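Novice: Have a look at this one before I ask anything.
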Amino acid sequence: MPANLPPQYYKAEDQYRQAQSAKEELEALQLMLQLMPKHKGTDRLQADLKAKISETRKDAEEEQKAPKGGRSFRIPRQGSGQIVVLGGPNAGKSRVIAELTNAEPAVAEYPFTTHEPLPAMMPWEDVRVQLIDTPPISAQHIDPWLVGMVRAADAALLCFDGSSDDAPEHTADVLRQLESRKTKLSSRTGLDEDSFAVVNVRTLLCVTRGDDPDAAMRLEFLRELAPHDFPTVFVEFDREDSREALRTELFRLLHVIRIYTRKPGTKAEYIDPYTIAEGGTVEDLAYRIHRDMAETVTSARVWGDSARDGQTVGREHPLCDRDMVELH
Ligand SMILES: Nc1nc2c(ncn2[C@@H]2O[C@H](COP(=O)(O)OP(=O)(O)OP(=O)(O)O)[C@@H](O)[C@H]2O)c(=O)[nH]1
Ligand SMILES: [Mg+2]
2 MPANLPPQYY KAEDQYRQAQ SAKEELEALQ LMLQLMPKHK GTDRLQADLK
52 AKISETRKDA EEEQKAPKGG RSFRIPRQGS GQIVVLGGPN AGKSRVIAEL
102 TNAEPAVAEY PFTTHEPLPA MMPWEDVRVQ LIDTPPISAQ HIDPWLVGMV
152 RAADAALLCF DGSSDDAPEH TADVLRQLES RKTKLSSRTG LDEDSFAVVN
202 VRTLLCVTRG DDPDAAMRLE FLRELAPHDF PTVFVEFDRE DSREALRTEL
252 FRLLHVIRIY TRKPGTKAEY IDPYTIAEGG TVEDLAYRIH RDMAETVTSA
302 RVWGDSARDG QTVGREHPLC DRDMVELH
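This note's numbering applies: residue 2 is where the sequence shown begins, and numbers increase by one.
And the structure:
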C-alpha cells in the first residue's frame, strides 16, 4: 500500500534535513510523525520514525550537556540553495569552485590538496547558489563531518576526472563510502521511503576534462561498477560556454523557482527574487518571507505564467518561475 504522504509532511522533512542541531532535528521528526497518515501503508515508516525520534532525543540531551563540543562544519545555507561538491582525489572539485565563484581555493595537479570545506557563492542570472568545496573521499578515508554535510545539502555535484583511468574506481569509492553511511547520491532529495535511515541527495555527475576522447568510455566503467540514476554533464573548464552551461545546470539542480514581490501601489521591479521549491504556493512564498506571514496571508495578486494581469488567487495557488506577487 502506498504511503500517500501529505505535502506538509515533505516540508517537515526538509526542515529535518536542514536542522542545525539535534534539538531542531527532534522538533522536525516529531512534526513528521504527527503529519504522517496512520494506516497500514505507513506502519513501517511510523516504526522507523519512532526509532529515529528516540535516538535523536538522546543526541539532543547530550547536546544540552555539552553545547560547545569539538569543531563543527555545519555551514548555514545562503542564497537559493546549497550544493556540496564531492569527488575522489584530484577530481577537479576545487577547480569548479575557482571557475564559478569569486573564491580562490588551492587547485593543484597533486591529490589531497583540500583539507577543509570552503563555502562560496556562485552568481547565476539574478540569484546566487552556495557551493561547498570539500576534501576528497577515498576507499581509505572520509572525513566524518562530511557525511552530515552531504545529508543536509540540497544537492550534490559529484566530480569525475574524464582524463583519468582511475576515475571510475575512485568515484565508485565515493558512492560506496557514502552509501555505507546511509547516504545515497541519487536523482532526488529526501528520506528513502523504504528506510528512513537512508537519506537521498539529488546529484549531478560532472565529468571534468570532459573533452578527453576516452571520457565517455570511462563513464561507462563507472556505470558498471556502481549503477546510478543521476544525470551527467561533461565540462571543460578552459572553455567559457562549458562553464556557463554548468552554472545553469547547477541552478536547475536545486529545483527552485524565482518569485518577485511588490507592495500594493508600487512599481513592479524584477530584482532580488525569493526562491521557493518548484510547485510552491502563495503560502510557501509567505512562509519564506516570514514564518508568521504564512498564517496571515489570505490571497495574492499575480502577474506571470501562473496567473495573468494581477489576477487574485488564494493561498493554495501554485506559482511559476518569475511570477510577480503582491501578498494580501
Ligand atoms: N584542462 C583541465 N584541467 C582540469 C579540469 N578540471 C580539473 N583540472 C585540473 O585537474 C587538477 C586537479 O584539480 P583540483 O580542482 O585541484 O582537484 P580536487 O578535486 O580539488 O583535488 P583534491 O582537493 O586534492 O581532492 C588541476 O590541475 C586542475 O587544473 C578541466 O576541466 N580541464
Ligand atoms: Mg581540492
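Note that the Cβ used here is the ideal one computed from N, Cα and C, for glycine as well.
Only a predicted model underlies this, so the values are computations on that prediction, with no experimental measurement involved.
Should residue 136 be counted as a contact of ligand 2 given a C-beta to heavy atom distance under 8 Å?
Specialist: As a first step, residue 136 is located in the sequence shown; it is residue number 135 there, counting from the start. Flag set: Cβ of residue 136 near ligand 2.
Novice: Closest to residue 97 by CA distance: which of 64, 63, 58, 158 is it?
Specialist: Your numbering for residue 97 matches position 96 in the sequence shown. It is 158 whose Cα lies nearest to the Cα of residue 97.
Novice: From the DSSP secondary-structure annotation, give me the bridge partner or partners of residue 324.
Specialist: Numbered from its first residue, the sequence shown carries residue 324 at position 323. DSSP output for residue 324 lists 260 as bridge partner(s).
Novice: Does the count of Cβ pairs from the segment 107-125 and the segment 200-209 closer than 8 Å reach three?
Specialist: No, the segment 107-125 does not touch the segment 200-209.
Novice: At what residues does the alpha helix (DSSP H) containing residue 172 begin and finish?
Specialist: The count along the sequence shown starts at 1 and reaches residue 172 at position 171. Run containing residue 172: 168-180, per the alpha helix (DSSP H) assignment.
Novice: Is the segment 98-109 touching the segment 171-180 in the sense that three or more CB pairs, one from each, lie closer than 8 Å?
Specialist: Too few Cβ pairs lie closer than 8 Å, so no.
Novice: Between 219, 66, 85, which has its C-alpha nearest residue 75's C-alpha?
Specialist: Looking up residue 75 in the sequence shown gives position 74. Residue 75 has its Cα closest to that of 85, out of 219, 66, 85.
Novice: Helix, strand or coil for residue 271, going by three-state DSSP, please let me know.
Specialist: As a position in the sequence shown, residue 271 is number 270, starting the count at 1. Residue 271: coil per DSSP, three-state reduction.
Novice: Go to residue 99, then tell me how far its alpha helix (DSSP H) extends in each direction, as first and last residue.
Specialist: Here residue 99 refers to the residue found at position 98 of the sequence shown. Segment 94-101, the alpha helix (DSSP H) holding residue 99.
Novice: Leaving out the 5 sequence neighbours to the left and right, which residues in its chain are closer than 8 Å to residue 61 when beta-carbon positions are compared?
Specialist: Residue numbering aside, residue 61 sits at position 60 when the sequence shown is read from its first letter. The answer, listed in chain order, is 22, 23, 24, 26, 27.
Novice: Curious, which full-length alpha helix (DSSP H) runs of at least 4 residues does the segment 23-81 contain?
Specialist: Those alpha helix (DSSP H) runs which fall completely within the segment 23-81 and span 4+ residues are 23-36, 44-66.
Novice: Is it true that the CB of residue 187 sits closer than 9 Å to the CB of residue 222?
Specialist: Counting from 1 along the sequence shown, the entry for residue 222 is found at position 221. Counting from 1 along the sequence shown, the entry for residue 187 is found at position 186. Cβ atoms of residue 222 and residue 187: not closer than 9 Å.
Novice: On the premise that residue 36 lies in contact with residue 9, defined as a C-beta separation below 8 Å, what is that separation, rounded to the nearest angstrom?
Specialist: Position 8 of the sequence shown holds residue 9. Position 35 of the sequence shown holds residue 36. Going by Cβ atoms, the distance from residue 9 to residue 36 rounds to 5 Å, so yes, they are a contact pair.
Novice: Step through the CB atoms of chain B and report whether any lies within less than 9 Å of the CB of residue 238.
Specialist: This model lacks chain B altogether, as it is built from one protein chain only.
Novice: Take residue 19 and list the residues in its own chain whose beta-carbon comes closer than 8 Å to its own, dropping the five residues that flank it on each side.
Specialist: As a first step, residue 19 is located in the sequence shown; it is residue number 18 there, counting from the start. So the qualifying residues of the chain are 78, 153.
Novice: Looking at residue 305 and residue 323, is the spacing between their C-beta atoms short of 9 Å?
Specialist: By 1-based counting over the sequence shown, the position of residue 323 is 322. By 1-based counting over the sequence shown, the position of residue 305 is 304. Yes, they are a contact pair.
Novice: Look up residue 120 in the DSSP assignment and say whether it is helix, strand or coil.
Specialist: If you number the sequence shown from 1, residue 120 lands on position 119. Residue 120 falls in the strand class under three-state DSSP.
Novice: Would you give the residue range spanned by the alpha helix (DSSP H) that residue 253 belongs to?
Specialist: For the purposes of this step, residue 253 is taken as the residue at position 252 of the sequence shown. Here the alpha helix (DSSP H) through residue 253 covers 241-254.
Novice: Can you tell which of 83, 117, 218, 279 has its C-alpha closest to the C-alpha of residue 131?
Specialist: The residue labelled residue 131 in the question sits at position 130 within the sequence shown. Checked all of 83, 117, 218, 279; the closest Cα to residue 131 is 83.
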